[in-house]
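K.L.:
So the protein sequences, as listed, match chains A and B.
Per my numbering, the very first residue in the first sequence carries number 1; after that it's consecutive.
Per my numbering, the very first residue in the second sequence carries number 436; after that it's consecutive.
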Amino acid sequence: MHRLLERQLNRARRNSPDGEIDLETLLGLVDAAYLEFDRQRRVLAHTHEIMREEFGLINAGLSRLRDAITQMGAGFAIWDSNDRLVMCNELLREILPETAELLRPGVTFTECIVRMAPHFGSFGADGPVHDWVTERLARHRNPADPFEITLAGGRHVRIWEAKTSEGGIVGVYIDVTESKRAEDELRRAKEAAESANRSKSLFLANMSHELRTPLNAIIGFSEIIQGEMMGPLGDRRYHVYAHDIHDAGRHLLEIINDILDMSKIESGKFELDAEWADLGELIDGVVQMVRGRVHEAGLTLHVAASGLPSVCCERRALRQVLLNLLGNAIKFTPSGGRIDVTAKVAADGGVIVSVTDTGIGIAPQNIPLALTPFGQVEVTLSRAHGGVGLGLPLSQRLVDLHGGRLEIVSTVGSGTTVSVTLPPDRVDHAALRSA
Amino acid sequence: MRIEQRVWQTGAGWRIAASDGAVAPALVLFFAAPGTLDDGRRFAELRAFYPGAAILGCTTGGEIADVDVLDGTVVATAIEFAHTRLAFAEATIERDGDSETAGRRLAAGLPCAGLRGVFVLSDGTHVNGTDLVAGIQNVLGTDITVTGGLAGDGARFVSTRVGLNANPAPGRLAAVGFYGDEVCLGFGSFGGWDTVGPERLITRAKGTVLYELDDQPALALYRKYLGPEADNLPASALLCPLRIHPPSKPEAALVRTVIGVDNATGGMVFAGSVPEGYVAQLMLGHFDNLIAGAGRAAARAAIPDARLAILVSCIGRKLLLGQQIGDEVEAVKGVLGAACQLTGFYSYGEIAPLENSPFCDLHNQTMTITTIAEA
């Protein structure tokens, strides 16, 4: 007897007061069972229909994915948790022609690698084939960052592999031979340029030394002549000429010193000899040095720099920076103009020293050029005003070496402000507070 | 351990279905069809039968008396323990109350010393079963096994009742704790449902309410799957449980079942949490697999000399299996043996540990079995 019928008989018997089978109850149960089976059949038929629909959706999704993998611009492969190939695209076979016929679903990654090994170069350095296979397998099983392999014939393939949730590996393989070649060319060009630049700096350093030696003789002896140390010169014109020789010599020496400093900085050989210096005194000293030139140029100079702290700097370098800035202001401000020197402690605890003039100004697009060595804006200017255009770039490099920054704000025709900012860690705050 | 089982039926009244002779029970577990408790007389009768016992019970979607699956009855099982000590706790849950807090309040009523396991009965329509179990485990720790179930209301999903030493009422939680070295508790939980169709992502959900799968309305998907049965929502949604798991952690899968539909918002209300970002897949039941699933639950729950097994099976299984529902109970009996008396009920949610994890959670659509033996 069917289990269900047996249960139905028991139930009919239980529901009857006298324990006999109640036919009506039994028929009711059997009828209900038929209806249940009908319902189940309907549910199954509907389920079948739903499955057909769902499979349609899944197939559409799969076909889209397959399409994407076929059309993507890189080799693609999925390996299952047993490291067997699930699928790959045609481009992978093109990128790795040595294994094209092996790359079929079911092939193990190890089989592919062993077959391919003799065709491969290395990960960068030449090594035995065995090591290559071992390393390639290790990278495959514990994928991390993308890496490149070199193939026979100088081809390069960039490989990105990652674990899938089922414990397999998904890989993307890109032929980077062309971009690698371009990259190599760029690198070679950059190396050549750097080498040329190093040679230039070395040449300049050497030349500057060679030039300075005779210059020292010229300056020294013109000084002796000017001072008439060995007796009077006779004609006064000799005295004037000796003075001119001396001035020209000093000027040349300054230029050569700038070139020497610049080449030292560019070759990374310039080292700061920093010490604590009173900023106010330093500014006063520089201002004193240029007062005469300011007066000669028909300009007025105003200084607002009091109550300043000590700063940790190389005195010579900072003095040179301020001299350069003041020199430029004098040089590029027409007679009747005004120069302002201001210095103060900034909000962040650093110090700002600014030199403002009412001169000819620099157009915004020329500011970067003005900061490039030998880039003094317009050759005509340098001819009219003298100088080789090293002042600003050298000042900027020197400020950089102090961890500070040099900024130029300028309007053509109305003037220029050059500000030098030194960072808070170069300022003696203790002294500032006690003051 | 001695057991007496009584069954009440309209017209016939109470009968003794199984008995080890005179018992002095410490605990009476009873499971009652909705409506049978309304006049309070069944509870009064049980109190009169077993004046010294704690009486714990709830309403159901079907009662289990050994191998019989019954409707419209009250099944009461009186248990006399030789050594095991018991403690009881109860709590109420507000209509939109915080299930986690309610679980904490319930667990706080059980002393921890010597506690071996907890069997919980909860209101089945106003509770987030996941949060409830978390609340209990937050107090008792994960070493204590928590099993039990949510009360049922036939296939109506309107009002469920739970009671401890009182006629069951809505919005109640009650638990019995088993204490002492002599008590042995086993548990097993298994569904046997088959996943169908593609995995989908839960893209919009809040708490126990699911709105969208793969950015499509979940209700529309359910209607599609249910086809001609869609008119019987929410009960017919029990035919299509939802298997959910955290992304890329299929081993932590849970089965969730619909207990209500909010037609205004298109939300489907589940008995436990359906977190956004989880992967979901619809399920359908195959009779043979569901029945075999009950057998697997029994195999997991089997302990030596088990005398009593409390079966908490899902109302969804009963709706699908119809009159063949008896097969799953027979499958359990076949595994646990003739000496093990069965009781239990069809529920709105089963509580048991997750597989291979100390954490308990709410399950749906499973056969969940708690076995008891005394050394």
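Beta carbons are placed, not taken as given, at the ideal position from N, Cα and C, and that holds for glycine.
Here the structure is a predicted model, which means the values were calculated and not measured.
1) Which chain A residues sit within Cβ distance under 9 Å of K768 (chain B)?
2) Rounded to whole angstroms, how far is the Cβ of F4 (chain A) from the Cβ of A45 (chain A), which I believe are closer than 8 Å?
3) From the beta carbon of G124 (chain A), is the nearest beta carbon of chain B less than 8 Å away?
4) Beta carbon of V696 (chain B), beta carbon of V709 (chain B): below 8 Å?
5) According to the neighbour-count rule (16 or more other Cβ atoms, all chains shown, within 10 Å of its Cβ), is T380 (chain A) buried or exposed?
6) Would V690 (chain B) and E634 (chain B) be called neighbours here (beta carbons separated by less than 8 Å)?
7) Of all the beta strand (DSSP E) runs that stay within the bounds of the region 454-532 of chain B, which reach a length of 3 or more residues?
8) Would the beta-carbon of R397 (chain A) fall within 8 Å of that of T421 (chain A)?
9) In angstroms with no decimal places, state the Cα-to-Cα distance between R450 (chain B) and D474 (chain B).
10) Run through the DSSP bridge pairs and tell me what M87 (chain A) is partnered with.
11) Can you list, in chain order, the stretches of the alpha helix (DSSP H) that have 4 or more residues and sit fully within the region 270-324 of chain A?
12) Starting from the C-beta of F484 (chain B), find all residues in its chain whose C-beta is less than 6 Å away, skip the five residues before and the five after it, and write them out in chain order.
13) The beta strand (DSSP E) spanning P788 (chain B) covers which residue range?
14) Taking the C-alpha atoms as reference points, what is the distance between T134 (chain A) and R84 (chain A)?
15) Taking C-alpha atoms, which residue in B:C775, B:L789 and B:G757 lies nearest to D501 (chain B)?
16) In whole angstroms, what separates the C-alpha of G154 (chain A) from that of T99 (chain A)?
17) Could you check the C-alpha separation between L746 (chain B) and R735 (chain B) for me, to the nearest Å?
18) What residues are listed by DSSP as bridge partners for Y238 (chain A)?
19) Per the DSSP calculation, M703 (chain B) is bridged to which residue(s)?
20) Which of the residues in the region 735-767 of chain B, read from start to end, lie with their CB under 7 Å from any CB of chain A?
21) In three-state terms, what does DSSP make of W132 (chain A)?
22) R742 (chain B) by DSSP, collapsed to three states: which one?
23) Got a sec, what are the start and stop residues for the alpha helix (DSSP H) K180 (chain A) sits in?
24) Cβ of I58 (chain A) less than 8 Å from any chain B Cβ?
25) Taking C-alpha atoms, which residue in B:E763, B:F465, B:I738 and B:R752 lies nearest to A513 (chain B)?
26) By alpha-carbon positions, which one of B:L481, B:T778 and B:F516 ends up nearest to D616 (chain B)?
27) Which residues in the same chain have their Cβ closer than 8 Å to the Cβ of A489 (chain B), if we skip the five residues on either side of it in sequence?
28) If you measure beta-carbon to beta-carbon, which residues of the region 668-689 of chain B are closer than 8 Å to chain A?
29) Tell me whether A774 (chain B) sits in a helix, a strand or coil according to DSSP, three-state version.
30) Could you tell me whether the Cβ atoms of S208 (chain A) and H246 (chain A) are closer together than 8 Å?
31) Could you check how far apart the C-beta atoms of D629 (chain B) and N724 (chain B) are, in whole angstroms? I think they sit under 8 Å.
32) Using a C-beta to C-beta distance shorter than 7 Å, which residues of chain B count as neighbours of H46 (chain A)?
33) From the DSSP output, in three-state form, read off S419 (chain A) for me.
34) Tell me A590 (chain B)'s beta-bridge partners as DSSP assigns them.
35) Would the region 357-368 of chain A count as touching the region 332-345 of chain A if we require 3 or more Cβ pairs under 8 Å?
36) Quick one: give me the first and last residue of the beta strand (DSSP E) that F109 (chain A) is part of.
P.N.:
Checking against the coordinates, here is how it stands:
1) Position 333 of the second sequence holds residue 768 (chain B). Around K768 (chain B), no beta-carbon contact reaches into chain A at under 9 Å, the shortest distance being about 13 Å.
2) Taking the first sequence and counting its residues from 1, one reaches residue 4 (chain A) at position 4. Taking the first sequence and counting its residues from 1, one reaches residue 45 (chain A) at position 45. With the sequence shown as reference, residue 4 (chain A) is identified as Leu, and Phe is not the correct amino acid for it. Contact between L4 (chain A) and A45 (chain A) does not hold, since the beta-carbon distance rounds to 22 Å and is not under 8 Å.
3) Stepping through the first sequence from its first residue, residue 124 (chain A) is reached at position 124. Below a pLDDT of 50, predicted positions are generally treated as unreliable, and G124 (chain A), at 46, falls in that range; no measurement from the model is reported.
4) As a first step, residue 696 (chain B) must be located in the second sequence, where it is residue number 261. As a first step, residue 709 (chain B) must be located in the second sequence, where it is residue number 274. The Cβ atoms of V696 (chain B) and V709 (chain B) do not sit closer than 8 Å to each other.
5) Taking the first sequence and counting its residues from 1, the one referred to as residue 380 (chain A) is at position 380. Confidence at T380 (chain A) is low in this model, with a pLDDT of 47, below 50, so the placement of that residue should be treated as unreliable; the coordinate-derived value is given next. Exposed: under 16 other Cβ atoms inside 10 Å.
6) The residue given as residue 690 (chain B) occupies position 255 in the second sequence. The residue given as residue 634 (chain B) occupies position 199 in the second sequence. Not closer than 8 Å, so no.
7) Entirely contained in the region 454-532 of chain B, the beta strand (DSSP E) runs reaching 3 residues are, in chain order, 462-467, 489-494, 498-500, 503-505, 508-515 and 520-527.
8) One-based indexing of the first sequence puts residue 397 (chain A) at position 397. One-based indexing of the first sequence puts residue 421 (chain A) at position 421. Result no, Cβ atoms of R397 (chain A) and T421 (chain A) do not sit closer than 8 Å.
9) Working through the second sequence from its first residue, we reach residue 450 (chain B) at position 15. Working through the second sequence from its first residue, we reach residue 474 (chain B) at position 39. For R450 (chain B) and D474 (chain B), the distance between alpha carbons rounds to 19 Å.
10) The sequence position of residue 87 (chain A) within the first sequence is 87, counting from 1. BP columns for M87 (chain A) point to A:I78.
11) Counting whole runs of 4 or more residues, the region 270-324 of chain A contains the alpha helix (DSSP H) stretches 279-296.
12) Within the second sequence, numbered from 1, the residue matching residue 484 (chain B) stands at position 49. Correct list: empty, nothing qualifies.
13) As a first step, residue 788 (chain B) is located in the second sequence; it is residue number 353 there, counting from the start. Going by DSSP, P788 (chain B) is part of the beta strand (DSSP E) stretching over G784 to P788.
14) Here residue 134 (chain A) is taken as the residue at index 134 of the first sequence, counted from 1. Here residue 84 (chain A) is taken as the residue at index 84 of the first sequence, counted from 1. Looking at the two C-alpha atoms, the distance is approximately 18 Å.
15) Locating residue 501 (chain B) in the second sequence gives position 66, where the first residue counts as 1. Taking D501 (chain B) as reference, the option from B:C775, B:L789 and B:G757 with the minimal CA-CA separation is B:C775.
16) The count along the first sequence starts at 1 and reaches residue 154 (chain A) at position 154. The count along the first sequence starts at 1 and reaches residue 99 (chain A) at position 99. Looking at the two C-alpha atoms, the distance is approximately 17 Å.
17) Reading the second sequence from its first residue, position 311 is the one you call residue 746 (chain B). Reading the second sequence from its first residue, position 300 is the one you call residue 735 (chain B). Rounded to whole angstroms, the separation of the alpha carbons of R735 (chain B) and L746 (chain B) is 13 Å.
18) By 1-based counting over the first sequence, the position of residue 238 (chain A) is 238. According to DSSP, residue pairing for Y238 (chain A) in a beta bridge does not occur.
19) Reading the second sequence from its first residue, position 268 is the one you call residue 703 (chain B). The partner list for M703 (chain B) (beta bridge, DSSP) reads B:L645 and B:V696.
20) Those would be G757, Q758, Q759, G761 and D762, in chain order.
21) As a position in the first sequence, residue 132 (chain A) is number 132, starting the count at 1. It is helical.
22) On the second sequence, position 307 is the one that residue 742 (chain B) refers to. Residue state, collapsed to three classes: coil.
23) In the first sequence, residue 180 (chain A) corresponds to position 180, counting from 1. From DSSP, the alpha helix (DSSP H) with K180 (chain A) extends over T177 to Q226.
24) Counting from one through the first sequence, the residue named residue 58 (chain A) turns up at place 58. It does: the Cβ of I58 (chain A) has a partner Cβ on chain B nearer than 8 Å.
25) Counting from one through the second sequence, the residue named residue 513 (chain B) turns up at place 78. That would be B:F465, whose Cα lies nearest to the Cα of A513 (chain B).
26) Taking the second sequence and counting its residues from 1, one reaches residue 616 (chain B) at position 181. With distances taken between Cα atoms, D616 (chain B) lies closest to B:F516.
27) The residue you call residue 489 (chain B) lines up with position 54 of the second sequence. Excluding sequence neighbours, A489 (chain B) sits near A461, L462, V463, L521, F523, L599, N600 and V611.
28) Going along the region 668-689 of chain B in chain order, one finds L674 and S683 with a Cβ nearer than 8 Å to chain A.
29) Counting from one through the second sequence, the residue named residue 774 (chain B) turns up at place 339. Looking at A774 (chain B) - three-state DSSP - the assignment turns out to be coil, as it is neither helix nor strand.
30) Residue 208 (chain A) sits at position 208 when you count from the first residue of the first sequence. Residue 246 (chain A) sits at position 246 when you count from the first residue of the first sequence. For S208 (chain A) and H246 (chain A), no; Cβs fall outside 8 Å.
31) Residue numbering aside, residue 629 (chain B) sits at position 194 when the second sequence is read from its first letter. Residue numbering aside, residue 724 (chain B) sits at position 289 when the second sequence is read from its first letter. In this structure D629 (chain B) touches N724 (chain B) by the C-beta definition: roughly 6 Å separates them, less than 8 Å.
32) Within the first sequence, residue 46 (chain A) is the residue found at index 46, counting from 1. What H46 (chain A) touches in chain B: G662 and P663.
33) By one-based count along the first sequence, residue 419 (chain A) stands at place 419. Three-state result, S419 (chain A): strand.
34) Along the second sequence, one-based indexing puts residue 590 (chain B) at 155. Answer is B:D588, bridged to A590 (chain B).
35) Inter-segment contact for the region 357-368 of chain A and the region 332-345 of chain A is present: three or more beta-carbon pairs are separated by less than 8 Å.
36) The residue given as residue 109 (chain A) occupies position 109 in the first sequence. Element bounds for F109 (chain A): not the beta strand (DSSP E) but the alpha helix (DSSP H), F109 to M116.
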